[in-house]
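Remarks on the structure that follows.
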Amino acid sequence: LAEQEKKLGSWAKVVISSVVTEKNKTFEGKSVLAGAKETGKNPYDFMKDLLIEERNRVGMVIFMMKEANLKRILAHPLVGVGTDGSAVAPYGLLHRGKPHPRHYGTFPRVLGKYIREEKIVPLPEMMRKITSIPAQKFGLGKRGTLKSGYFADIVIFDQDKVIDKATWTDPHQYPEGIEYVLVNGRVVIKEGEHTGDLPGKVLRKEKV
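All residue numbers for the sequence shown refer to our numbering, where the first residue is 141 and numbers rise by one.
Printed below as a string of structure tokens:
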């Protein structure tokens, strides 16, 4: 733990994203430093006790990136964009803990903050980064490009409004500005609301 703190500089950079027991749910979305102060413990004892009580079932998010580096990497022509996330929802079995806001907001944040507001790269270039580059990287045949004979996976958004809403303390929030979504040619989001249609399927990498 001492070595980890030395690398991070502060336990304020380690945020507890999920626990299992109801007793410790109050710590979700808070930093280790905040939890330690709340319990009157030092960060080491707080983290040790939490791990023991939760039987090591503690999720966390660590702040280690610099915004300047992120922008530089994002603008590189060979870089694609992905969520690095899993399936989450604001309800049911997938509503657990306080996951990283990227689960809900990766692409709206890129389109709103980094393209509309900061203009890191032109919009068409960013569209390539979030569609065809990832599809090619993961070997998803006939996807990622609007082309005859390809699967119609389409997102229609308002470039003047699209933005992420998820936060560290309230991550289960859908973005704004996403009007329509088509999956395999069928409308699943209409005027910002789910239609109830579930045309998605498991995608596997194609052999080259």
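Cβ atoms here follow ideal geometry from the backbone N, Cα and C, with glycine treated the same way.
It should be emphasised that the depicted structure is a prediction, and the values quoted were computed from it without experimental measurement.
Please classify residue i: does DSSP put it in a helix, a strand, or coil?
i	result
Glu171	Sequence inspection shows Ser at residue 171; the Glu mentioned does not correspond to that position. Strand at Ser171.
Ser158	strand
Phe291	coil
Glu316	strand
Val302	coil
Val261	coil
Val323	strand
Val250	helix
Less than 8 Å between C-beta atoms, sequence neighbours within five positions excluded: which residues of the same chain meet that for residue i?
i	result
Val159	Lys165, Phe167, Glu168, Leu190, Glu194, Arg197, Val198, Gly199, Gly237
Lys341	Asn324
I'd like the list of long-range same chain contacts for residue i, defined as Cβ closer than 7 Å, with 5 residues on each side in sequence excluded.
i	result
Phe278	Lys345
Val295	Ile318, Val321
Leu173	Ser150, Trp151, Ala152, Pro183
Ile213	Val219
Tyr290	Lys282, Arg283
Taking its Cβ as the centre, do 16 or more other Cβ atoms sit within 10 Å of residue i, making it buried, or is it exposed?
i	result
Met205	exposed
Val154	buried
Pro119	Residue 119 lies beyond the stretch modelled for the chain, which goes from 141 to 348, so this question has no answer here.
Gly332	exposed
Ser288	exposed
Ser171	buried
Ile202	exposed
Less than 7 Å separating the Cβ of residue i from some heavy atom of the ligand FAD?
i	result
Asp337	Summarising the ligand content, the structure contains no ligands, and the ligand FAD is consequently not present.
So with Cβ pairs under 8 Å, would you call residue i a contact of chain C?
i	result
Ala174	Of the chains in the structure shown, none is chain C; there is only one protein chain.
Please return the same chain residues whose Cβ sits closer than 6 Å to the Cβ of residue i, not counting the five positions on each side in sequence.
i	result
Val327	Thr335
Leu175	Per the sequence presented here, residue 175 reads as Gly, with Leu not at that position. Counting only Cβ-Cβ distances below 6 Å, and skipping sequence neighbours, we find Phe167, Phe186.
Val261	Ala215
Whether or not the segment 244-264 and the segment 220-234 are in contact is what I'm after, with contact meaning three or more pairs of Cβ atoms, one per stretch, closer than 8 Å; do they touch? yes
Whole beta strand (DSSP E) elements within the segment 179-206, 3-residue minimum: 199-202
Does the structure place the segment 297-314 close enough to the segment 250-265 that three or more beta carbon pairs sit under 8 Å? yes
With a cut-off of 8 Å, do at least 3 Cβ pairs link the segment 257-270 to the segment 315-334? no
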